[in-house]
Every structure is written in structure tokens, then in C-alpha cells.
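This report concerns only the one structure given below.
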Amino acid sequence: MLVNFLIFLLYLELLMVKVLQHLIIFLCLFVCTNTLYSQDEITNTPVTKENRNNLIDNLEMKERTIGLSIEEYIQLYKQYTKKNLKYKSLIILDKLIIDLKKTNNYKDLSIVYNWKAENLVDLNKIDEGVAFCDKILKEMVVNNSSFQEEMCLKCGILYNEDEQFSKAYTIYKKIKNPIIKSSPVYIDFYGLILMNNGIYDEALKYLKKGIQLSYENEKLSSVNISFNNIANIYIAKQKWKIAKKYLDSSYRSVRYSDNPFDKKKILKSFYFFFILQNKFDEARRVIDNIEIENTFIYDYRINQKIKELDAINSRKKRLTKKVTVINNSIRDTNNQKLKIYVILISIITILMSWILLKIYKNTKLKYKKIINEQELLSSQMTPHFIFNSLSILQGMLLNKEKTKAVEYIDKFSNIIASTVKEKSQKFISIADEIKLLKDYVDIQNLSTHKNIDFSVVIGDDIDHDFFIPSMILQPFIENAIIHGFKKEIEYPTLQLSLQQINNELLCIITDNGVGFSIGDKPRKNQEKTSLATQIVKERLAILSKKMNHNFSLEIRNLNYKQKRGTEVLLNLPYTQNP
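Here the numbering used here runs 159 ahead of the position in the sequence shown, where the first position is 1.
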């Protein structure tokens with residue numbers, strides 16, 4: 160009897176311990192939930208910085224314990240937005256979209272779509288934003304969703320930034336709501352879209368009206384860009400004095416700004432202002448300033464990428480803690496076999512977190528290294544290419560495509576080594592340039608799966624040890640891959656042909672891509688020539704004067720030969736001793 164009584168007491172003690180454990184967990188969750196809803200009840204009162212931080216902490220704690228409702232995720236998104244935590248906001252929006260689609264709540268889903276589009280605009284995620292708009296605008300029409308015109312407002316901005324000017328114009332013409340059409344955002348961007356579509360007189364009306372509203376509302380952050388856009392219209396009309404007046408106004412208002420994007424836009428306008436008047440010395444000085452801003456822009460994008468990784472890592476840690484809490488609860492309430500499964504899951508979770516943390520740290524170190532090398536690379540290769548390459552490599556590492564990543568790194572390192580080697584030299588041997596281009600195409604094939612057939616045809620009279628200007632062919636190879644093959648081509652081919660003509664080198668770059676214009680006759684210049692093309696022309700103009708030759712660049716559409724694609728002809732210096 161005594162033994163049975165002792166066993167009963169032991170069992171009772173264990174039962175009380177279990178009850179106390181569950182009671183403590185319940186009280187903790189109750190306190191968190193009660194704090195959260197007390198904050199929700201006073202949303203109409205001003206929220207202090209301390210209260211906002213407490214609200215975010217409570218929401219994050221609840222998410223990693225018992226989870227959040229849709230309304231609470233919306234509250235968390237708003238608090239992140241108020242603290243300018245854009246990348247964290249984007250993660251929450253993606254979660255909200257998934258949850259709202261399950262409920263078929265198209266009204267709230269339309270609101271979240273608009274939030275995400277605005278978030279992508281703020282983060283300058285243009286490619287992702289355009290893809291998002293292409294998909295969502297069609298979905299909203301099919302579902303007859305609310306807030307379609309508000310969505311058109313954001314998507315028009317993204318299409319314009321992606322240089323899809325005609326599409327942006329078409330989207331904005333769908334907006335009929337007078338409240339939206341009277342907003343400063345609509346007026347400013349509609350003026351810009353009109354300008355980009357060549358509707359200059361109407362664009363001037365909207366841009367000037369936008370400036371007036373900015374002064375009336377004392378919101379002067381965008382005035383410099385409006386001045387710059389007006390200047391671009393007068394540049395297109397070749398009204399140089401008026402254009403110079405607006406350019407000076409825009410530069411004065413942005414000169415001491417920390418925004419490198421606005422500065423670059425204004426400097427590009429100055430460049431075209433000088434180059435179209437054949438003021439090459441002034442244009443060259445502007446290019447130097449543009450390269451400085453490119454460095455700041457690249458640093459900004461690197462920092463943004465690091466912030467994005469921080470947001471992802473922080474959320475993964477919270478979810479890991481949530482998994483741990485659930486696993487502990489299951490372990491305490493299940494049998495021994497289930498305990499083993501829970502332990503295995505915990506080990507896998509911890510291992511995955513450790514791997515992700517290692518990848519994150521390695522990526523961060525690589526980004527810091529790239530920042531230090533930016534000065535070496537900026538004059539020879541665009542920061543945009545290096546940024547995209549590292550993002551692709553990051554994706555491979557995160558997807559555990561180790562073999563492909565090693566091959567990708569090998570090709571990429573060859574390009575970096577070559578460009579750094581030629582940093583202080585204005586000329587490069589033909590052999591080295593061809594090797595660099597082949598590596599570049601190979602790395603593009605690895606990242607895009609386009610399987611471009613790149614061939615080089617060299618005349619028998621060409622000496623591979625002779626020199627040509629460095630990094631003068633790569634922009635056109637890059638342009639053919641990115642723009643010429645932006646649509647699916649069945650057998651994409653790219654050919655570089657080198658021929659010697661009168662002690663000069665004729666380089667012909669031919670692709671079978673989509674071409675750059677519509678028409679039966681060739682044309683030498685696109686209406687909107689890229690900055691890289693302008694720089695090449697400027698370099699050739701300077702070399703022509705120094706070497707007393709007529710070096711040139713000509714870009715033609717192959718449809719005049721009843722073929723598809725683009726043909727670039729460069730007449731280059733060809734010398735044994737640069």
C-alpha cells in the first residue's frame with residue numbers, strides 16, 4: 160500500500176509540473192496578444208517611436224509563437240513601412256498575397272497588390288516590378304478587381320523606368336478617376352511619360368503644373384527632376400538657351416543632395432546638351448562626374464542588397480524559433496518515437512540556418528570586396544553587369560548548384576582579371592580582347608540559358624598581337640545579348656568579324672535577334688542612343704583627331720537585307736605599338 164501511495168504522489172507531482180508548464184506558456188501568449196490588441200485599439204492616436212518598436216516586437220514575437228492573422232500581418236506591414244524597413248515590408252506583402260488568395264478576398268488583395276507595386280517602385284526593383292505588373296494587371300481585369308486605376312498609376316511608373324514608354328502611356332490613358340488625375344504623382348509622371356513618347360507640348364503643361372503644385376504643397380524633393388525633364392524637352396527642340404536655364408535650375412537644387420540617381424539623370428541631360436552641340440570637352444567632363452555618381456549608385460545598390468539579405472535572415476531566424484517552439488510542444492505531448500522525429504527536424508532546421516548564415520556572411524564579404532574594386536572596374540565594365548553577375552551567383556549558391564556555381568565563378572574571375580589587368584592601359588591586344596569577349600558570352604550563357612552561338616571570324620592578314628582600344632567591343636556584345644535576345648530566339652547566333660582595310664580594323668558584330676527598329680531601310684542611329692554607345696562615339700572621335708584617321712561607328716537593322724537582327728560596324732585603330 161505504501162509503495163502504491165508513493166507512486167501516486169510521484170505521478171501527481173509530474174502532472175502538476177506539466178500543468179504549470181502549459182499555464183506559463185498560455186499566460187505568456189495571453190500577455191503578448193493582449194498587448195497587441197490594446198495597441199490596435201488606439202490606432203487613431205499618434206504612435207510614438209517607442210510604442211511602434213514595442214508593437215513590432217510584440218507582432219514578431221506572436222508570429223514566431225502562435226502565428227498572425229491577416230489583419231495582424233497588415234498591421235506589421237504598416238509599422239515596417241513607417242520605419243522605412245522596405246525589404247521587411249516586401250516579405251510581409253508576399254505572405255499577405257498568398258494568404259488572401261486562399262480567401263478569394265479580391266478587394267483586400269487589390270489593395271495589397273498596390274502596396275507591393277509601390278514598394279517595388281521605392282526599392283527601384285524595376286525588372287521584378289514590370290514582371291509583377293504584367294501578371295497582376297491581367298488578373299485584376301479578369302476578376303474585375305477594385306483599385307485597378309491606382310494599380311495603373313504605379314505600373315505606369317515601372318514601365319516608364321523600364322523604357323517601355325508606349326506601354327506606360329497606354330496604361331496611364333486608362334486612368335479616368337479625377338482624384339488620381341489631380342494628384343501630384345500622376346501629374347509629374349504623366350508629364351514624364353508624355354515627354355518620353357515625344358508629346359512635348361502637352362508634357363510641358365503637366366511638368367510645369369507639377370512644379371507649381373510642389374511649391375504650393377512645400378514638397379520640393381522632386382522639383383529638380385521636373386526641371387530636368389523640362390530641360391530635356393527643350394534639348395529635343397534644340398532650344399539651347401531655355402534648356403540651359405532649366406538644367407542650371409535642376410543642378411542647383413540637387414547639387415547638395417545625397418540622391419545619386421537624381422544627380423546622374425541631370426548629368427546625363429548635361430551630357431546630351433553638350434554632345435548635341437559638339438561641345439566634346441564639356442561632355443567629357445560630365446562623363447567623369449557620371450562615373451563618380453555610378454560609384455555611389457553601385458555602393459547604394461550593394462547596401463540595399465545587404466539590407467535585403469538582413470531582412471531575409473532575420474525572418475528565417477524568427478521562423479526557426481517558431482519551429483522550435485512547436486517542436487518542443489510536440490515533444491512534450493507525444494510518444495518517444497515522435498520525440499526522435501522532432502529532434503531530427505530540429506537538427507535539420509539548425510543545420511539549414513547555419514548554412515544560410517554562412518552563405519550570407521560569404522556573400523557579404525564578396526560585396527565588400529567588390530566595393531573596394533569598384534574604382535578599378537567602373538571605367539571598363541558597368542557596375543550593373545557586376546551586380547547582376549553576383550546576384551546570379553548568389554542564386555546558384557542558395558539553390559546549391561555547386562558545379563554550375565564553380566564554372567560560373569571561373570568564367571567571371573577571368574573577366575575580372577582581364578579588366579583589372581587592362582585598367583591602366585587604353586589599348587588591348589586582339590587576342591586578349593577576343594578571349595575576354597568569349598568569357599563574357601560564356602558567362603551570359605551560364606546565367607540566362609540562352610545558349611548563344613558566338614563565333615569569331617578573323618581575316619588572314621590580322622595579327623593577333625596588334626592592339627585595339629580596350630573595352631570598346633564589349634558594350635555591343637552585351638547589348639545584343641540583353642536586348643537583341645530578350646525574346647526567345649530558336650537558334651541565337653552572335654558573330655564577330657575582323658577585317659583589315661587600309662591600316663584600319665573593320666569590326667562587324669552581327670546577331671539574329673529582334674533588331675532595334677521597324678523599317679525596310681537601314682538607319683545609323685537609334686532615336687534614343689544609349690550612354691555606352693555615345694561614349695564609344697566620343698572615344699572614336701578623340702582617336703580620330705589624335706591619329707588623323709576617320710574612325711567611326713554605325714548601327715544598322717538587318718531587315719533591309721530581308722534578315723532579322725542587328726549589325727554593328729566599327730572602324731577602329733589597328734596598331735602594333737599603342
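Heads up, the beta-carbon is just placed ideally off N, CA and C, and yes, glycines get one too.
Just the C-alpha distance for residue i and residue j, rounded to the nearest angstrom, thanks.
i, j, result
"Ile-694", "Gln-436", "15 Å"
"Asn-662", "Asp-598", "28 Å"
"Lys-680", "Asn-336", "Residue placement at Lys-680 cannot be trusted, given a pLDDT of 44 that sits under 50; what the coordinates show is reported in the next sentence. Their Cα atoms are separated by approximately 43 Å."
"Lys-313", "Asn-418", "21 Å"
"Glu-361", "Val-727", "36 Å"
"Ile-667", "Glu-450", "28 Å"
"Lys-740", "Phe-429", "Only positions 160 to 737 of the chain appear in this structure, which leaves residue 740 out of reach."
"Ile-714", "Arg-723", "14 Å"
"Lys-221", "Asn-212", "14 Å"
"Leu-596", "Asn-573", "11 Å"
"Ile-593", "Ala-442", "30 Å"
"Leu-268", "Leu-259", "6 Å"
"Asp-253", "Leu-227", "14 Å"
"Ser-304", "Lys-333", "15 Å"
"Asn-319", "Arg-223", "40 Å"
"Ile-621", "Glu-298", "57 Å"
"Lys-704", "Glu-697", "11 Å"
"Ile-506", "Lys-326", "51 Å"
"Gln-307", "Thr-262", "20 Å"
"Ile-627", "Phe-586", "5 Å"
"Tyr-500", "Ser-512", "18 Å"
"Leu-179", "Lys-242", "Here Leu-179 scores only 49 on pLDDT, less than 50, and its place in the model should not be relied on; the value that follows carries that caveat. Taking the straight line from one Cα to the other gives about 39 Å."
"Lys-646", "Thr-607", "12 Å"
On the premise that residue j lies in contact with residue i, defined as a C-beta separation below 8 Å, what is that separation, rounded to the nearest angstrom?
i, j, result
"Leu-406", "Phe-432", "6 Å"
"Ile-392", "Met-354", "6 Å"
"Val-600", "Ile-636", "7 Å"
"Phe-571", "Ile-602", "6 Å"
"Thr-725", "Ala-639", "7 Å"
"Leu-731", "Gly-674", "The Cβ separation is near 24 Å, so there is no contact."
"Ser-614", "Gln-654", "5 Å"
"Ile-425", "Asn-388", "The Cβ separation is near 10 Å, so there is no contact."
"Leu-664", "Tyr-733", "4 Å"
"His-623", "Ser-577", "Between Ser-577 and His-623 the Cβ distance is about 15 Å, and since that is not below 8 Å, they are no contact."
"Gln-584", "Ser-550", "Their Cβ separation, rounded to whole angstroms, is 29 Å, which puts Gln-584 and Ser-550 out of contact at 8 Å."
Looking only at its chain, what residues have a beta carbon closer than 6 Å to the beta carbon of residue i, apart from the 5 residues adjacent to it on each side?
i, result
"Tyr-365", "Ile-346, Tyr-349 and Gly-350"
"Gln-735", "Phe-625"
"Ser-548", "Phe-571"
"Asn-671", "Thr-652, Arg-723 and Gly-724"
"Ser-656", "Val-616 and Ile-667"
"Tyr-239", "Lys-247 and Ser-248"
"Leu-372", "Pro-343"
"Thr-408", "The sequence shown places Ser at residue 408, rather than the Thr named in the question. Here the set comprises Phe-386."
Could you name the residues that DSSP lists as bridge partners for residue i?
i, result
"Thr-725", "Asp-670 and Asn-716"
"Ser-588", "Phe-626"
"Gln-323", "DSSP, once it has assigned bridges, lists no residue as partnering Gln-323."
"Glu-663", "Ile-660 and Pro-732"
"Asp-612", "Thr-652"
"Glu-711", "It should be noted that the sequence gives Ser, not Glu, for residue 711. Asn-730."
"Ile-346", "DSSP output for Ile-346 lists no bridge partner at all."
"Ile-617", "Leu-657"
Once the 5 residues before and after residue i are set aside, which same chain residues still bring their CB inside 7 Å of it?
i, result
"Glu-566", "Leu-605"
"Lys-245", "Asn-278, Asp-281 and Leu-282"
"Leu-699", "Phe-710, Ser-711 and Leu-712"
"Ile-316", "Val-280 and Phe-348"
"Ile-518", "Leu-556 and Leu-557"
"Tyr-410", "Ile-425"
"Ile-330", "Cys-311, Cys-314, Gly-315 and Tyr-318"
"Leu-363", "Ile-389 and Ile-392"
"Ile-648", "Asn-671 and Gly-672"
Between residue i and the rest of its own chain, which residues show a CB-CB distance below 8 Å, the 5 nearest in sequence each way excluded?
i, result
"Leu-255", "Ile-229, Tyr-232, Ile-233, Tyr-236 and Val-271"
"Asn-610", "Asn-604 and Pro-651"
"Gly-369", "Pro-343, Ile-346, Asp-347, Gly-350, Ser-381 and Ser-385"
"Ile-456", "Pro-419, Phe-420, Lys-423 and Pro-542"
"Ser-412", "Leu-379, Val-382, Asn-383 and Phe-386"
"Ala-276", "Gly-288, Phe-291, Cys-292, Ile-295, Met-310, Lys-313, Cys-314 and Leu-317"
Scan the region 372-428 and note each continuous alpha helix (DSSP H) run of 4 residues or more that stays entirely inside, going in chain order. 382-395 and 399-413
What residue ranges within the region 211-255 form continuous alpha helix (DSSP H) runs of no fewer than 4 residues, ordered along the chain? 229-241
Give, in chain order, every unbroken run of the alpha helix (DSSP H) that is at least 4 residues long and sits entirely within the region 265-317. 265-281 and 285-301
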